[in-house]
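Inspection log for the structure reproduced underneath, given as structure tokens.
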């Protein structure tokens with residue numbers, strides 16, 4: 243079918259994350275002739291690119307009859323410049339939706355079926371409605387082991403794949419965001435200082451107060467393309483880059499956003515998500531950090547066992563030597579929560595400062611140790627000690643600085659302009675710290691958009707506390723944001739649970 | 243929490259159907275302080291109303307830092323006038339999502355659980371992502387009979403309910419849109435001419451080329467509020483009104499849109515959807531028209547039996563005497579497809595014109611006959627004959643005119659400005675007519691927005707056809723739309739399947 247040509251593309255900075263949205267005047271030739279209505283999925287084409295977008299018609303003159311307002315996501319997928327025109331067409335039926343329906347009605351999907359679905363997801367042919375249905379269908383009748391493998395393979399094949407000349411390429415992943423659990427930069431520094439290759443790509447925060455990429459960005463540039471990553475890794479053996487700049491398992495990024503909106507975590511989906519990223523990154527040896535706690539992502543030991551089993555099955559099928567470390571997830575790790583505050587913790591550990599948070603140091607060296615053992619650099623049960631020695635003698639710190647320089651230059655994390663402490667209402671012992679509420683507090687203070695914002699934790703579980711003693715300091719970049727976080731704290735007295743002693 | 247006040251509400255005619263969307267400047271105090279990002283669900287308040295909306299931030303100056311652009315749906319739900327201000331707050335967690343999650347993971351829902359979910363759906367607290375997940379969960383593990391009853395009751399209770407002084411109130415519903423199957427106005431005219439009460443509320447098209455309300459609107463006003471409906475029914479015994487103006491089972495309208503986007507029909511959901519509307523409309527006696535055919539909604543006799551059983555179980559639980567008529571759904575009914583063209587068929591049958599489509603006349607009198615028998619007005623097996631006599635002696639036509647007058651005045655359906663015929667490419671016998679493709683053709687020609695647009699069918703299954711004989715005429719209101727339908731026809735030769743004889 244012919245389609246409508248020469249429609250002026252206009253950008254107004256409409257932020258919809260990855261969702262492609264287009265606004266057209268309801269009186270435009272294309273809307274009238276095609277009978278396009280709200281929510282119609284239509285195909286937009288520019289010279290070399292195409293994207294499927296959801297339409298919303300507009301009746302007012304904020305938009306002309308010969309133009310289209312595109313969301314930023316649609317704009318960048320079409321690689322448009324100001325003044326460019328696009329053409330608009332009907333969308334052919336999305337064939338793989340019949341496979342989705344058959345999954346809903348109880349039939350297992352083959353690898354090829356997952357491939358067709360994931361291809362359509364990556365090409366933007368699925369709206370969030372379809373993605374929500376796919377995720378729900380894969381939760382209502384859990385994915386079989388065979389299906390998890392098929393889905394993982396389909397997700398890997400739908401994106402780019404990094405390959406490395408080295409026989410051993412190590413990687414690390416933390417399942418379930420525990421606030422402040424920022425071991426990655428420390429681990430990379432330790433294992434690369436010992437000659438291992440660790441091309442680490444990390445994510446930015448989606449719903450948390452900071453992702454590793456957000457934190458790392460306060461210390462060095464992280465937006466590296468595949469070529470820059472290869473150069474840094476060749477020079478220094480490792481990097482800590484933002485994964486979004488290279489298209490590793492792009493389906494995962496799309497699925498995760500809808501998963502978060504649904505607040506729906508399913509094991510099969512999570513396994514395919516984690517493993518597809520690691521396979522695409524070219525890892526051969528992998529350590530998985532799995533914190534378990536009442537307010538962590540994985541809540542019980544049994545859940546941890548099941549998830550761990552599923553991850554190991556997939557890892558084995560793809561020939562990745564993997565170890566899962568199940569650890570305590572009852573409270574945040576380190577002191578800082580928020581990009582710059584977490585960076586301070588990382589620096590303190592790397593610089594072996596006396597005030598460095600012991601739990602972060604402990605955790606990072608254990609995970610690094612496990613990687614060293616797995617890769618044959620340290621004998622069993624001696625990896626953590628080796629990691630600690632590399633930290634203590636300054637090699638890790640020197641290596642980290644060189645990596646930062648190679649990524650574009652080391653910098654100082656920003657410091658917040660406004661802060662205020664929260665105090666204990668009564669004396670006693672800290673019995674519980676709610677990870678989710680601490681994260682919320684940090685986000686209300688402005689993290690991760692405001693790099694210096696967040697929460698500085700001054701109390702740990704088991705610690706004895708006097709009435710009026712400081713529990714934490716809230717950091718913000720503006721008084722309004724500080725107030726907002728304080729208002730939340732004033733109505734949520736269960737962020738810290740204090741037992742009278 | 244306090245929220246942000248005095249934000250100027252602005253309307254630009256943004257049509258999103260029922261979905262509430264709000265655009266805010268990304269640099270506005272509320273976005274910055276609250277960390278609101280794309281897809282955040284936020285609560286908007288005006289003096290007496292509130293609505294939950296999905297946020298998209300905008301960076302350009304098409305929007306000021308102190309204003310909010312609202313979709314028309316959000317605007318009307320807040321009952322705003324130009325110059326009004328709103329306040330914006332964080333949305334508290336939606337409690338019933340935990341019930342949705344438990345349904346996903348295999349637990350049946352109680353009536354109270356459905357009530358909580360449906361209440362949140364109607365209040366706009368569920369985004370389409372959540373609704374898609376709910377529908378998928380109810381399809382992946384089919385609803386039990388008990389659940390269907392619970393869901394039906396919850397849907398009825400979430401809306402308005404009409405009540406009538408008469409002991410017998412009849413109603414009719416057609417399950418699955420067969421193009422042109424416009425029996426409703428004829429049935430209402432027949433049974434009310436015989437003294438029965440039939441306060442019929444019908445829907446507009448969602449994805450079809452015409453709903454009964456769209457068709458009826460070419461003959462008389464259909465946007466009647468509850469008071470107007472009561473008056474018309476008191477005067478004439480019946481009406482043919484648009485259901486959207488009275489809030490009968492409003493959840494149904496919301497769920498159906500997402501269902502259509504997913505192309506997901508599940509029996510339990512469909513039963514609750516149909517029956518909740520009928521119960522809310524106050525029906526005591528009900529006839530269900532169920533066309534079965536390869537390109538109809540219900541495709542096999544077995545499917546029809548199961549669906550029929552489910553509908554009767556719910557009908558009985560709510561004390562509604564119900565009969566299901568399973569009929570042939572192999573091809574469209576009547577000649578016209580599109581609002582005005584279908585109205586012409588209805589008029590031809592009511593006026594007993596010799597060229598009136600026999601199948602529409604047959605179908606309408608059978609359904610009317612079943613209602614007459616069910617309500618005790620005609621003995622068993624004599625209802626259809628009684629209905630036919632009321633049609634033949636002009637009583638139905640006179641009654642129909644009076645109903646139109648009572649609804650605001652009878653009018654003439656518009657006539658299309660442009661038309662062109664499709665011709666048979668070879669001689670033979672018509673073996674199949676694709677309902678879905680005929681509907682698509684009518685929509686491409688402009689139906690239902692353009693009332694006169696659509697398809698006039700000149701061939702029926704079993705008919706012998708000469709090469710180059712006319713198969714149908716496409717009607718459109720502009721040459722461009724006509725061309726578009728013709729282009730579709732040129733690439734889809736299987737709209738009519740002709741067997742050589």
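Residue numbers (my numbering), protein chains in the order written: chain F, 243 to 743; chain E, 243 to 743.
Backbone N, C-alpha and C define an ideal beta-carbon position, used for all residues, glycine too.
Within the stretch 258-318 of chain F, the beta strand (DSSP E) runs of at least 3 residues that lie entirely inside it are, in chain order, 263-267, 283-287, 292-300, 309-312. Counting along the chain, no alpha helix (DSSP H) covers residue 368/E, and no H or E run does either. Per DSSP, the continuous alpha helix (DSSP H) segment holding residue 682/F begins and ends at 677-686. For residue 280/F, at least one C-beta of chain E is nearer than 7 Å to its own C-beta. From the beta-carbon of residue 379/F, the residues of chain E found nearer than 9 Å are 378, 379, 381, 382. For residue 662/F, the enclosing beta strand (DSSP E) begins and ends at 660-665.
Here DSSP, grouped into helix, strand and coil, assigns residue 331/E to strand. For residue 483/F, the number of other beta carbons within 10 angstroms of its own is at least 16, and it is reported as buried. Residues of the same chain with a CB within less than 6 Å of the CB of residue 454/E, apart from the 5 flanking positions on each side, are 426, 444 in chain order.
With its beta carbon less than 7 Å from one in chain F, residue 503/E belongs to the interface. For residue 405/E and residue 597/E, the gap between their C-alpha atoms comes out near 40 Å. DSSP places residue 551/E in the uninterrupted alpha helix (DSSP H) bounded by 543-559. For the C-beta of residue 299/F, the chain E residues within less than 7 Å are, from N- to C-terminus, 257. For the stretch 617-658 of chain E, the full-length alpha helix (DSSP H) segments reaching 4 residues or more read 625-634, 637-648 along the chain. By the C-beta criterion, the stretch 340-351 of chain E is judged not to be in contact with the stretch 283-297 of chain E, since fewer than 3 inter-stretch pairs fall below 8 Å.
One thing to note: residue 571/E has its Cβ within 7 Å of the Cβ of residue 535/E. When the beta-carbon positions are compared, residue 508/E and residue 378/F stay at least 7 Å from each other. Counting only residues of its own chain and dropping the five nearest sequence neighbours on each side, residue 634/E has a CB closer than 7 Å to the CB of 594. Where residue 699/F is concerned, the enclosing beta strand (DSSP E) starts and stops at 696-699. Rounded to the nearest angstrom, the Cβ distance from residue 428/E to residue 632/E is 10 Å, too far for a contact under 8 Å.
Residue 441/F: member of the beta strand (DSSP E) spanning 440-444, first to last residue. Straight-line spacing of the CA atoms in residue 682/E and residue 279/F works out to 14 Å. In the same chain as residue 308/F, and ignoring 5 residues on each side of it, the C-beta atoms closer than 8 Å to its own belong to 248, 249, 250, 270, in chain order.
Under the 10 Å beta carbon count, residue 281/F is surrounded by 16 or more other beta carbons and is classified as buried. Within the stretch 720-733 of chain F, 720, 722, 723, 725, 726, 729, 730, 733 place their CB atoms closer than 9 Å to a CB of chain E, listed in sequence order. Rounded to whole angstroms, residue 717/E and residue 276/F show a C-alpha spacing of 15 Å. Scanning the stretch 498-534 of chain F for uninterrupted alpha helix (DSSP H) segments of 4 residues or longer gives 509-522, listed from N- to C-terminal end. Against chain F, a Cβ distance below 8 Å from residue 268/E picks out 255, 257.
Taking a 10 Å sphere around the C-beta of residue 422/F, we find 16 or more other C-beta atoms and assign the residue as buried. By the criterion of at least three beta-carbon pairs nearer than 8 Å, the stretch 495-510 of chain E is in contact with the stretch 354-371 of chain E.
Shortest Cα-Cα distance from residue 628/E to any of 400/E, 586/E, 434/E involves 434/E. For residue 414/F, the enclosing beta strand (DSSP E) starts and ends at 412-416. Two segments are said to touch when three or more pairs of C-beta atoms, one from each, lie closer than 8 Å; by this definition the stretch 397-417 of chain E touches the stretch 511-519 of chain E. Identification of chain E residues near residue 343/F by a Cβ-Cβ cut-off of 7 Å yields 506, ordered along the chain. For residue 374/F, at least one C-beta of chain E is nearer than 7 Å to its own C-beta.
It is roughly 59 Å from the alpha-carbon of residue 319/F to the alpha-carbon of residue 743/F.
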